[in-house]
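As numbered in full-length UniProt numbering, residues 1 to 608 make up the sequence shown, in order. Backbone N, C-alpha and C define an ideal beta-carbon position, used for all residues, glycine too.
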Amino acid sequence: MSEEQDKVSGFRRTRRPRSPRKARVLAGVTVASVGLAALLAPGEAKAQQKTFHLDRLEIPGAPEDGIALFRPTTSQRNLVYGQLGIGYSLRPLKTRNITSDTSVLARSRTSVIQDQLTIYGSAGFQLLDRVTLGLTFPFTPWQTGGNPDYGTGNVTGVGQTRTTYVNPDGPTASDLRIDLRGTVLRSDDRKTALGAQVSVFAPTGTTSNLGGDGGAGALLMVTAEHTIKWITLVANTGVQFRPRRAINDPNGGSGLGIGDEWRWGIGAFVPLKDGKYRVGGTIFGQTGIESDSIIGKTFFTKQNTPLEWQLEGRMRFGPADHWWVGAGAGSRLFVNAYGAPDFRVVGILGAYVPILDSDAKSPERKAEMRARWRQERMSDRDNDGIPDDIDACPDEPEDHQGGDPNDGCPMPPDRDGDGIPDQYDKCPDKPEDKDGIDDGDGCPEDDADQDGVPDAVDACPKEPGQKSSDPKKNGCPSFIKVEGNVVRILQQVHFATASTTILPESFPMLQEISNLLKANPAIKRMSIEGHTDNRGAAELNKTLSQGRANSVMNWLVQHGIEPARLEAHGYGLERPIEDNSTEDGRAKNRRVEFKIVEEEDTNTFKKK
Numbered sequence: 001m002s003e004e005q006d007k008v009s010g011f012r013r014t015r016r017p018r019s020p021r022k023a024r025v026l027a028g029v030t031v032a033s034v035g036l037a038a039l040l041a042p043g044e045a046k047a048q049q050k051t052f053h054l055d056r057l058e059i060p061g062a063p064e065d066g067i068a069l070f071r072p073t074t075s076q077r078n079l080v081y082g083q084l085g086i087g088y089s090l091r092p093l094k095t096r097n098i099t100s101d102t103s104v105l106a107r108s109r110t111s112v113i114q115d116q117l118t119i120y121g122s123a124g125f126q127l128l129d130r131v132t133l134g135l136t137f138p139f140t141p142w143q144t145g146g147n148p149d150y151g152t153g154n155v156t157g158v159g160q161t162r163t164t165y166v167n168p169d170g171p172t173a174s175d176l177r178i179d180l181r182g183t184v185l186r187s188d189d190r191k192t193a194l195g196a197q198v199s200v201f202a203p204t205g206t207t208s209n210l211g212g213d214g215g216a217g218a219l220l221m222v223t224a225e226h227t228i229k230w231i232t233l234v235a236n237t238g239v240q241f242r243p244r245r246a247i248n249d250p251n252g253g254s255g256l257g258i259g260d261e262w263r264w265g266i267g268a269f270v271p272l273k274d275g276k277y278r279v280g281g282t283i284f285g286q287t288g289i290e291s292d293s294i295i296g297k298t299f300f301t302k303q304n305t306p307l308e309w310q311l312e313g314r315m316r317f318g319p320a321d322h323w324w325v326g327a328g329a330g331s332r333l334f335v336n337a338y339g340a341p342d343f344r345v346v347g348i349l350g351a352y353v354p355i356l357d358s359d360a361k362s363p364e365r366k367a368e369m370r371a372r373w374r375q376e377r378m379s380d381r382d383n384d385g386i387p388d389d390i391d392a393c394p395d396e397p398e399d400h401q402g403g404d405p406n407d408g409c410p411m412p413p414d415r416d417g418d419g420i421p422d423q424y425d426k427c428p429d430k431p432e433d434k435d436g437i438d439d440g441d442g443c444p445e446d447d448a449d450q451d452g453v454p455d456a457v458d459a460c461p462k463e464p465g466q467k468s469s470d471p472k473k474n475g476c477p478s479f480i481k482v483e484g485n486v487v488r489i490l491q492q493v494h495f496a497t498a499s500t501t502i503l504p505e506s507f508p509m510l511q512e513i514s515n516l517l518k519a520n521p522a523i524k525r526m527s528i529e530g531h532t533d534n535r536g537a538a539e540l541n542k543t544l545s546q547g548r549a550n551s552v553m554n555w556l557v558q559h560g561i562e563p564a565r566l567e568a569h570g571y572g573l574e575r576p577i578e579d580n581s582t583e584d585g586r587a588k589n590r591r592v593e594f595k596i597v598e599e600e601d602t603n604t605f606k607k608k
C-alpha cells in the first residue's frame, strides 16, 4: 500500500490494490466516463488536493420522480423531459465533521461550509414503457464558509495560512451523473413495480472545494413502489462506489474518511384534486461500507451516516399537464453527519414532450415458393395423381370437387346438399337457409337471437331486442348497436363522482351487453376499455379508468358472462376522441368502450 499526503493541505489521496470486485466495477466506469471527463472536467493545478462531492442529494429529474427518490414507473408514451432544480443548504459541513481537536474547534467558526446554493439540471428520455435514460449535472454558483483555524506550523491539517481547499467565493461544478434505469417487473394494474438502475459519475466536478470526487464513480440501485388505494409507497436502495478520500486522521478519531457507501431512501406520495397536485414525504440517507487505516471506520458512524427528512409537493400545469413545478423542505435527522444540512429547501420546474411513434411498416417480403413436382418417381397409393407426400388423404382418391379440389381428399358426404359435410353439420337432414345468419352451423334459423322476433322481420337478428312498430327498430336493443367489431353504446356508463361504482341508471344498458354475449357464443372475447379526459395526473387517470373498466367487467360476470370471455383495460387520457380544450370534448373523452377482439365466423363451417 502506498500513500500520498499533500503536506500543505493535509488531504490524503490514498492508493491501494483494489479488490477484484471493485476493480471490475470501476474499470467499466472509467471506460464509460473518461472521454466525457476529458471534455468537461475543469482545469486545475496539479498541486491542488482532491476533496470530495459534498452534496448528498441526488435529484432524479424524471416526470414522476420525487425530489429525492427514484421511481421505477415510466410513462407509457415515449417522451423527452427536462427539469431545472435549485436548492439551498444551511451548514452542510461543520468543523466538527473534519476535526475533533478542541483547541481548533474553539478557534474556528462553526461550519466549513455555512451556506450552499446548488442548481440541478436534468434531461433525458423515457422509452418503450420501461426504460429511462437521463443526465443530471449539479452546479454550485455560490457558497460561503471557511477552513478551521489550525494555527501556523501545523502541516497535518487543512486550511493553513499558506493554502485553502475551499473557495467560498468561486463557483463549483459537480460530477455529471448518467443514469440508465429500467422497469424489471410490473403488475398488470401498474400498482406495483420493481426497477433497476445503473448510474455513472463522470469526474467533471471541481475537486478542490467539495464539488467533485476527483475520479469516476458508479451507483447500482434497486427501486420499488406499490400503490395502496391513493398512497404510493416508494423505496430505493443501492451501493455507490466512490474514490477514497481522507481529511486529517479519521483513523485516529480526528478527521473524515470517504469511500464506498450504501444509500437508501423511503417515501410516500398522495395525489390530490384528481392528480393535479401531489404531496409526499421522504427519508433518505447513506452510510460508509469501507474501513481501513486511512479512512478509518465508516459503517454507521456519526460522521459517515447522513440522514435527512423532506416534505414536498408539486403541481402539474400547462397544455395537457406536460409541465410541473414543485418544492421540498427538510433537515438532517439525529446526527451531525457530513453533507446533511441543518436545513434544506429545493424548488423544481420541469416539462416533457411526447415523441411521436411512427406507424410506418417495412414492405413485407414475399418468401413463398411454388411447390415443384419431383422429377423422380414417387409413391401415389390411391392413384389420384397427387403424390403421397403432399396428399392429405393418401388412401382415398381425390374426386376434384368441393372447396379444395386438389388436396387429395374426396368431398365428404352431405345428405341435405347444403355444402356443409354431414360430419360438421348440426342439422345434416335440414339444409342451411343461407340467410347470412349463422350459416356455418348447417341449420336454418327462425329466431337466431331468441328475442321473440322472427329473423324474417328482425332488423337486428343477432342482437336481442324488443318488438317495435318501426321496421328499422323491430327486434333491436334500445341502448347498444353492433358496428363491425365495436359495440357502440347509445348512452355512457355512469359512475359515482371520482369513483368506480356504477350507478343503477346504467344497469339496463349493461344488461343488453350481457344479452348480446349470451345470444352470441361466437363472441369469444370482448374488451372493456375505460378512458378519461386530460384533467389530472396521467397516473391517477390511468388508475381510475382501469378501476372503472374492472367494475363493468365484474358486473357482467355477476350477470352470467364467463370471465374468460372478458378483458378490462384502462387507458386514462391516452386515447382522446375529441379535443380536450372544450368541456364538450372532455365529456366525450370520459367514456367506456366495448370492442369485440375475438369472434368466430359463424357463416362458414369449420372442421373440428
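Note down the Cα distance separating residue i from residue j, rounded to an integer number of angstroms.
i	j	result
Gln491	Pro471	22 Å
Thr183	Ile228	19 Å
Gly215	Leu544	47 Å
Leu79	Phe70	17 Å
Asn277	Thr136	The displayed chain sequence assigns Tyr, not Asn, to residue 277. The straight-line gap from Cα to Cα measures roughly 25 Å.
Glu445	Asn520	14 Å
Gly326	Val104	41 Å
Thr500	Glu58	38 Å
Arg590	Ile480	18 Å
Arg316	Gly570	21 Å
Glu562	Leu84	51 Å
Ile266	Ile489	45 Å
Phe495	Gly536	17 Å
Gly257	Thr95	14 Å
Arg186	His400	56 Å
Glu598	Lys524	5 Å
Ala202	Thr223	22 Å
Gly547	Val335	45 Å
Asn485	Asp55	58 Å
Asn97	Arg190	44 Å
Asp388	Asp380	5 Å
Pro138	Glu574	34 Å
Asp384	Met526	46 Å
Glu64	Ser506	35 Å
His53	Asn304	13 Å
Assuming residue i contacts residue j under a Cβ cut-off of 8 Å, what Cβ separation, rounded to an integer in Å, is found between them?
i	j	result
Gly217	Gln197	About 14 Å; that fails the 8 Å criterion.
Lys542	Gly572	4 Å
Ala568	Met553	4 Å
Gly350	Tyr88	Their Cβ separation, rounded to whole angstroms, is 19 Å, which puts Gly350 and Tyr88 out of contact at 8 Å.
Gly456	Lys473	Correcting the residue identity first, residue 456 is Ala in this sequence and not Gly. Between Lys473 and Ala456 the Cβ distance is about 16 Å, and since that is not below 8 Å, they are no contact.
Gly61	Thr140	Wrong, their Cβ atoms sit about 17 Å apart, outside the cutoff.
Arg109	Gly146	6 Å
Verify the contact flag: residue i, CB atom, against every heavy atom of the ligand ZN, threshold strictly below 8 Å.
i	result
Pro306	Judged by which ligands are present, the structure shown has none, so any question about the ligand ZN falls away.
Buried or exposed: where does residue i fall if 16 or more other Cβ atoms within 10 Å of its Cβ makes it buried?
i	result
Trp230	exposed
Ile577	exposed
Ser469	exposed
Ser111	buried
Asp422	exposed
Lys426	exposed
Thr144	exposed
Ser581	exposed
Pro504	exposed
Gly452	exposed
Gly398	The residue you asked about is not Gly; residue 398 is Glu in the sequence shown. Result: buried.
residue 614	Outside the displayed range of the chain (1 to 608) lies residue 614, so it cannot be described from this structure.
Thr237	exposed
Phe300	exposed
Glu225	buried
Gln160	With a pLDDT of 31 at Gln160, under the threshold of 50, the modelled position of that residue is not reliable, and the figure given next carries that caveat. Buried: at least 16 other Cβ atoms inside 10 Å.
When you compare the CB positions of residue i and residue j, do they come within less than 9 Å of one another, or not?
i	j	result
Asn209	Thr99	no
Asp175	Gly134	no
Pro394	Asp382	yes
Gly313	Gly285	no
Trp262	Thr282	no
Glu529	Ala498	no
Leu556	Pro341	no
Pro92	Ile113	yes
Glu463	Leu516	yes
**Prompt:** Counting pairs of Cβ atoms below 8 Å between the stretch 321 to 333 and the stretch 290 to 303, do you hit three or more?
**Reply:** no
**Sufficient close CB pairs (3 or more, under 8 Å) joining the stretch 128 to 141 to the stretch 69 to 78** = yes
**Asked** Okay, do the stretch 269 to 276 and the stretch 241 to 260 touch, 3+ Cβ pairs below 8 Å being the bar?
**Response** no
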